[in-house]
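Here the sequence shown stands for residues 1 to 648, where the numbers follow the UniProt record's numbering.
Here a beta-carbon is modelled for each residue, glycine too, at the ideal position from N, C-alpha and C.
Shown next, in structure tokens, is the structure this report addresses.
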Amino acid sequence: MLSSRLQEVLDGRWAHVRKAARAELAGDKFVAVPGETIDEARERVTRLLRQLPSDPGVAAGFPIEYGGQSDPGGSVVAAEMLAQIDLSLMVKAGVQWGLFGGAVTALGTKHHHDRYLRDIISADLLGCFAMTETGHGSDVQQLRTTCTYDPSTQTFDLHTPHEAARKDYIGNAARDGRLAVVFAQLITGGKRYGVHAWLVPIRDDEGNPLPGVTIGDDGHKAGLLGVDNGRLSFDHVSVPRDMLLDRYGQVAPDGTYTSPIDNDVRRFFTMLGTLVRGRVVVGGSAANAAKSALTIAVRYGESRRQFAAPGESREIALNDYLAHQRILGINLAHTYALHFAQDELVATLHEVQTAEGPVDEHRQRELESRAAGLKAAQTWHATRAIQAAREACGGAGYLAENRLPGLKADTDVFTTFEGDNTVLLQLVAKGLLTGYKDAFGSLDGWGRATFVAEQVRSMVFERTAARGLIQRLIDAVPGRDEEVALTDRGWHLALFEDREKHLLEGAVRRLRAGAGQKKARQFDIFNDVQDHVLEAARAHIDRIVLEAFVAGIDRTADDEARALLSKVADLYVLSTIEANKGWYLEHQRLMPARSKAVTAMVNDLLRQLRPQFTTLVDAFAIPEEWLNAAILREEPGRQDTMTAHDEA
């Protein structure tokens, strides 16, 4: 069966994790429950968290000696699978084992690991990751919370100086957390050494706040009711010296500070770089939620019929309408493209985090940039695709029993947590513009305006895993653009590459011009071209997604599956070109006739792929109970549920 062979391709390197999740989490025990109160949702999710399998599971990334599997890639995939079941449960697990436990593992040393990791893995010790402040969300480097060392007591004084410095939106804080990883400015000997992290008890065994700790509840949110987000403030809380997570910075009993990384800024980015897994999980989980929504909408579109063809009594299935195909088919193509990009990203993460020897800083920074860009692309895609699926199901899509409203509400925040998407695109752009030559710099350090186009050229074409294959396809493009088939893969790659290169070189020219005119106004130099820079980052992401898709198709051994994936890739490429048609026409990369031909080809590809819509969503292999949609449990045939075409 083609869907099964396609599923094997999609399951990929961590197929055993995906298959184990489908087996061990089978049935409806773990699925989201619409209509719960906030207390019911929190109680259920906390109870189920402790019942999640650990082999394999989200806790797989922990070291083997403490009960994990030293499999960071497997832990990411396990989280992605949870996203298809219940996003509150996925986020709760991500906070516990990804953020809280991940920070203890990455930033702590052996005595922290020995004391805490086993209880963190078993969820006997629930914790928080307290980084974000009310007044400083994305700008972590400027956090206002302080932690000042006193050598006379050999303790730190943790303090929230004002309300804007309180820790906010913190998962596990409002109800369940007993210990928090708190990020603050380290001060010793009267000198600041930048942001570090401490393990801070916040509740006693009965769940009451400890002295000096104020805990608030963020209350009802648009979604994710099962996650107890809260606020933390500290009024001169005493923290023992050994609770500093001191892998990258140590404070001696006498207050002397030492670090293996001398530069404060470089140390800060190294510390944050170790926590990149959370960003990878958020992007992949959003894309998996989109798979669930599209599966529901495509299957409903097969059974739901609307209006008869002229002269016939037969009513037409929703999926037979071109307008409906454009809604669902294009989103399906982008979902497939992002799946392969995520697979490549997870593999890179796994290799970087399991490599022996010194950290490869260049590869680490590439990983962080790729994770930032794909997180933005995937979460924005999920927002669009889930909304499209909701509309495609009409009134039925608005009913909680059909899962789509829950998916929409639960994923909405994904565009702004684990990094606001616009800020993340700036991070991607900064890496491109500097060619990673200045790998460690604050996000506001855009004053470097001595760029040259050669630096851009050398950076842009650092390829994804398929470097040789991509170059061969580009080199094989025949003749002039207007003479090349619209489905020529080399032409696709060259066109995406050219757009990225042009946008980057244009940004460089504008930055250089701004530097010459506004040397004293560093902020204005970048701010004046911010829109241009963000567009360059988007073009870069489009290219790396396409290259990952091409590499995935190349690895596909089954001829029929490869042919179907190739058509899906054509649709991804041409619909992306169509969406950016204004740019291509404006810069004469497309002539008007060819631009019209692109739209015609998109429509033709949708007609060709229409018979395979169900095959494409079946290949996601999402169990029926996980989809948890009443409209999929009804008998096929005419449905009388209201759709957008019905009269109110």
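Your pair Asp-235 and His-162 does not check out as a contact, with CB atoms roughly 12 Å apart and the cut at 8 Å.
Within the same chain, Cβ atoms closer than 7 Å to the Cβ of Leu-322 are found at Asn-603 and Leu-606, the five residues on either side in sequence being excluded.
By the Cβ neighbour-count rule, His-587 is exposed, with fewer than 16 other Cβ atoms within 10 Å of its own. Here DSSP, grouped into helix, strand and coil, assigns Ser-152 to coil.
Across the structure, Asp-558 and Val-58 are spaced so that their CA atoms are roughly 31 Å apart. Rounded to the nearest whole angstrom, the CA to CA distance from Leu-571 to Tyr-193 is 51 Å. Close CB contacts of Phe-549 within its chain, under the 6 Å cut and outside five residues either way in sequence, are with Ala-337, Phe-340 and Ala-569 (chain order). In terms of Cα proximity to Glu-24, the closest of Met-1, Val-237, Leu-82 and Ile-38 is Leu-82.
Counting only the Cα atoms, Ala-579 lies some 30 Å from Arg-512. In the three-state DSSP reduction, Pro-209 falls in the strand class (E or B). Taking a C-beta distance under 7 Å as the contact criterion, Val-181 and Phe-100 qualify as a contact pair. In this structure, the CA atom of Gln-250 is about 5 Å from the CA atom of Thr-258.
Rounded to whole angstroms, the separation of the alpha carbons of Lys-167 and Gly-582 is 43 Å. Residues Val-33, Glu-36 and Gly-226 of the same chain have their beta carbon placed closer than 8 Å to that of Arg-44, with the five preceding and five following residues left out of the count. Setting aside the 5 residues that flank it on each side, Ile-622 is surrounded in the same chain by Gln-84, Lys-291, Ser-292 and Thr-295, each with a C-beta closer than 7 Å to its C-beta; the list follows chain order. Ranked by Cα distance from Val-31, the first of His-112, Ala-597 and Glu-401 is Glu-401.
Here the region 340-353 lies against the region 537-549, with 3 or more beta-carbon pairs under 8 Å apart. Taking one beta carbon from each stretch, the region 237-253 and the region 200-218 have 3 or more pairs nearer than 8 Å; the two touch. Gln-353 and Asp-55 have their C-alpha atoms some 19 Å from each other. Below 8 Å, too few C-beta pairs join the region 213-225 and the region 183-191 to call them touching: fewer than three. In this structure Pro-72 is buried. Its beta-carbon is surrounded by 16 or more other beta-carbon atoms within 10 angstroms.
In this model, Ala-333 and Met-591 are separated by some 25 Å (Cα to Cα). Between the region 267-285 and the region 106-118 there are three or more inter-stretch CB-CB distances shorter than 8 Å, so the stretches are counted as touching. Note on Gly-479: under 16 other CB atoms within 10 angstroms of its CB, so exposed under the neighbour-count rule.
Going by C-alpha positions, Val-91 is about 47 Å away from Gly-516. Taking Ser-595 as reference, the option from Ser-3, Gly-278 and Leu-574 with the minimal CA-CA separation is Leu-574.
Assignment of Tyr-248 by DSSP, reduced to helix, strand and coil, places it in the coil class. Taking 4 residues as the minimum length, the alpha helix (DSSP H) runs contained wholly in the region 67-152 are 72-83, 87-93, 101-107 and 110-122, in order along the chain. For Asp-168, the enclosing beta strand (DSSP E) has its first and last residue at 167-170.
Listed in chain order, the non-local C-beta contacts of Arg-22 below 8 Å within the same chain comprise Met-81, Ala-621 and Pro-623, local neighbours out to five positions each way being set aside. When the beta-carbon positions are compared, Val-17 and Ala-78 come within less than 7 Å of each other. The beta carbon of Thr-487 sits closer than 7 Å to the beta carbons of Asp-570 from its chain, once the five residues preceding and following it are set aside; these are given in chain order.
In the DSSP secondary-structure assignment, Gly-230 is bridged to Ile-170 and Asp-217.
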